[in-house]
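These notes are about the structure you will find just below.
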Amino acid sequence: MIGGLEVLFIIIVVLVLFGPDKIPELARAVGGAMGEFKTAQKAAEFDLSGFDALNRENAEAKKKETAALNEKIIKMADEAGISTEGKTADELLVLISEKMSTDSEDVSKTEGVDKAEKLEPQINSKTESVDSQQ
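Just so you know, the UniProt record's numbering puts 10 at position 10 of the sequence shown, and the rest follows in order with no gaps.
Laid out in structure tokens, this is it:
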């Protein structure tokens, strides 16, 4: 901080540079500048508090959205017969994805068997006709 001797030195320098007639004008100008600075500072603080409120609202909305997504993931895992205890949402998504891919492979195999069963009579009839021709 500035001590008493430094303040006295500054006052003497100001008196020498500006003279006693200009000091009141200088004091008014400095006071006005300080007032404008404080006004701008308060306006900036007000704007920043608005940003803080907006950030809090966004964070709350994001938390709600995340919670809703987690609930949907847990519901999907339960429906797929996957245990949800002690698992994160990311782990559950991986397990659900694996379950879906194995289920789709099973469905593809089943569809292949169904198609083969449908084509079997046609194949048998063609083989019989080939055998009879020989």
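Think of the CB as a built atom: it goes at the ideal place given N, C-alpha and C, for glycine as much as any other residue.
The three-state secondary structure of residue 97, taken from DSSP, is helix. Rounded to whole angstroms, residue 23 and residue 49 show a C-alpha spacing of 39 angstroms.
Distance from the CA of residue 52 to the CA of residue 32, rounded to the nearest whole angstrom, comes to 30 angstroms. For residue 74, the secondary structure class from DSSP, reduced to helix, strand or coil, is helix. By the Cβ neighbour-count rule, residue 2 is exposed, with fewer than 16 other Cβ atoms within 10 Å of its own.
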